[in-house]
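Notes to accompany the following structure.
Numbering (the working numbering), first residue to last: 616 to 1149.
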């Protein structure tokens, strides 16, 4: 094992972290289902330039939808649409890891490359979004590209400026329009704050970045305005008046420290290592590009995020590349005691998670411990008997983890050892969770079970009316059943009613109840299927 270069093993670790969970299951409740439903709506409308459903929102995740749709078309013979679309997240997060590696090499040298990559992989808040259909992964890749472009401007101003401009345009088209504008303004003012940036080549590179970003965004904006007059103005009014702290009527609910609080777990442990790096890099002077390039991106993006009144934790994803870069810079000088503390905390935490997962596997497959089995049954995950393939795969992953730890113990101590154990532990528990529970979770969190029940009863129907169905429910049920869902007023022989409780509504003359149910363990929604009797 030791004869193989270390970077090959680290690339394998990245792939082992990134690939599990991207394919092999239906859209799950949450952003995975919501984003895929938005993709289905865009396909239904044929409106890809600016989906009408986004006109009333302050985010514009077109960039992600374009990539997901392209993958759906390209991979349609091989993968179902939902799996192909989810691969967009894998590609964008993989690109982010690669760009962070390139930026770390440019700023801090080869020794900072893998620590920065592993720090980004280890961020707790990135694990789930990286493996679901999530448009915010486009923002992650865009800001990573912007950071790399700025780093390249130190030696190749025009090429770096072109990359930075692409990153700014990508941020705008990925929905982070305010962060893109704030970073563009900061880039314009950068020579005023950093004397080392006041060379004609770097100032020219900055203007090239801004000009390129403006040109790319301008082409899209003019195309939208030409094809859909008034839609951009409607979006701008809604985004500025309803979602910015200075203009919104939601200021009573505004928390300026929301994102800093969210980072405490979302960016763990990168923020801890990044703080240490800032402390150590201060010795180079407060005008150091190595310090202020990632720290400035972080600060400007954080301020831009904090101006939103409708804050969501997932929005902090654009802060992760800058923190990962700083973490990679500071890991080499981390005190031995702190490094050992992080290492042992990683081992204990992920070993605990592994024991919990195996205990719940025993409850699900073997019915013991009985209390855990009853808890799973209440969640809609009833015992179904031993699943040999899940057991074999789970044991294989567990033995691989133990063997890797045994191998690591014999290797020389390196500065990247603590963050490598953390990233490997994250990979281990994620892979173990999916090996033991992907199929039960798919049954619990997707609409497949509901769709099959509806299809069994109304599979031959020409159309089906939906009452009280939200956009996500309608799109996903239509996708899984292949039925034509129409508004309640449509003259269809079948009617699907959604209710928040299980209490049966008033009698419906002329309709016969043919089925009622919900997703396994779901208590917040209930479906009833009626057939017209005359």
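Each residue gets a CB set at the ideal place from its N, CA and C atoms; glycine is no exception.
Remember, predicted model here, so these are calculated numbers, not experimental data.
>> Given this structure, state the Cα-to-Cα distance separating residue 924 from residue 798, to the nearest angstrom.
In response: 20 Å
> Out of 702, 1008, 744, which has the shortest C-alpha to C-alpha gap to residue 1049?
Replying inline: 1008
> Can you tell me where the alpha helix (DSSP H) with residue 705 in it begins and where it stops?
Replying inline: 696 to 723
>> Can you find the residues in the same chain that come closer than 6 Å, C-beta to C-beta, to residue 670, ignoring five residues on each side of it along the sequence?
In response: With a pLDDT of only 40 at residue 670, under the threshold of 50, the placement of this residue in the model should not be trusted; the figure read from the coordinates follows. Excluding sequence neighbours, residue 670 sits near 846, 849, 850.
> So, is residue 1004 buried or exposed, given that buried needs 16 or more other C-beta atoms within 10 angstroms?
Replying inline: Exposed.
> At what residue ranges does the stretch 760 to 833 contain a whole run of the alpha helix (DSSP H), taking only runs of 4 or more?
Replying inline: Counting whole runs of 4 or more residues, the stretch 760 to 833 contains the alpha helix (DSSP H) stretches 772 to 788, 792 to 808.
>> According to DSSP, residue 923 sits in a beta bridge with which residue or residues?
In response: 859
> Apart from the five residues just before and just after residue 945, which ones in its own chain have a Cβ nearer than 7 Å to its Cβ?
Replying inline: 888, 889, 891, 892, 895
> According to DSSP, is residue 638 helix, strand or coil?
Replying inline: coil
>> Can you check whether the C-beta of residue 881 is within less than 8 Å of a C-beta belonging to chain C?
In response: Looking at the structure shown, chain C is missing, and only one protein chain is on hand.
> Which residues share a DSSP beta bridge with residue 1131?
Replying inline: 1143
>> For residue 1112 and residue 1144, what's the separation of their Cα atoms in angstroms?
In response: 6 Å
> Going by alpha carbons, who is nearest to residue 883 out of 814, 987, 801, 735?
Replying inline: 735
>> Tell me the rounded alpha-carbon separation between residue 762 and residue 981.
In response: 50 Å
> Do residue 652 and residue 1086 have their C-beta atoms closer together than 8 Å?
Replying inline: yes
> Between the stretch 1071 to 1083 and the stretch 637 to 644, are three or more C-beta pairs nearer than 8 Å?
Replying inline: They do not touch, by the three-pair rule.
> Expressed to the nearest angstrom, what Euclidean distance is found between the alpha-carbon atoms of residue 720 and residue 911?
Replying inline: If I take the Cα positions, the gap works out to 18 Å.
> Roughly how many angstroms separate the alpha carbons of residue 662 and residue 677, rounded to a whole number?
Replying inline: Each residue's Cα considered, the two are about 11 Å apart.
>> As a quick exercise: from 752, 747, 746, pick the residue whose alpha carbon is nearest that of residue 1152.
In response: This structure does not reach residue 1152, given that the chain is present from 616 up to 1149, and the question cannot be answered.
> Which residues in the same chain have their Cβ closer than 7 Å to the Cβ of residue 1072, if we skip the five residues on either side of it in sequence?
Replying inline: 1129, 1130, 1144
> In chain order, what residues of the same chain have a beta carbon less than 6 Å from the beta carbon of residue 859, not counting five sequence neighbours either side?
Replying inline: 922
>> So if DSSP puts residue 1111 in a beta bridge, which residue, or which two residues, is it bridged to?
In response: 1081, 1144
>> Spatial neighbours of residue 1035 within its chain, please: C-beta separation below 6 Å, excluding the five flanking residues on both sides.
In response: Setting aside the 5 residues that flank it on each side, residue 1035 is surrounded in the same chain by 733, each with a C-beta closer than 6 Å to its C-beta; the list follows chain order.
> Going by alpha carbons, who is nearest to residue 688 out of 1070, 708, 654, 665?
Replying inline: 654
>> I'd like to know if the stretch 789 to 796 and the stretch 808 to 818 are in contact, where contact means that at least 3 CB-CB pairs between them fall below 8 Å.
In response: no
> Are residue 1127 and residue 1096 closer than 8 Å when you measure CB to CB?
Replying inline: no
> With a CB to CB cut of under 7 Å and the five nearest residues on each side skipped, what residues in its chain are close to residue 958?
Replying inline: 1032, 1033, 1036
>> Just to confirm before moving on: does the CB-CB distance between residue 825 and residue 802 stay below 8 Å?
In response: yes
> Would residue 814 be called buried (16 or more neighbouring beta carbons within 10 Å of its own) or exposed?
Replying inline: By the Cβ-count criterion, residue 814 is exposed, with fewer than 16 other Cβ atoms from all chains shown falling within 10 Å of its own Cβ.
>> So for residue 1002, helix, strand or coil by DSSP?
In response: coil
>> Does residue 975 pass the burial test, meaning 16 or more other C-beta atoms within 10 Å, or should it be called exposed?
In response: Buried.
> What number of angstroms, rounded off, separates the C-alpha of residue 717 from the C-alpha of residue 1064?
Replying inline: 45 Å
>> By alpha-carbon positions, which one of 1132, 913, 998 ends up nearest to residue 759?
In response: Residue 759 has its Cα closest to that of 913, out of 1132, 913, 998.
> Going along the chain, which residues of its own chain have a beta-carbon closer than 7 Å to the beta-carbon of residue 1090, five neighbours each way excluded?
Replying inline: 652, 655, 656
>> Within 10 Å of its beta-carbon, does residue 874 have 16 or more other beta-carbons around it, so buried, or fewer, so exposed?
In response: By the 10 Å Cβ count, residue 874 comes out buried.
> If you run the structure through DSSP and keep just helix, strand and coil, what is residue 672?
Replying inline: The pLDDT assigned to residue 672 is 49, lower than 50, so where the model puts this residue is not dependable, and the model offers no usable value.
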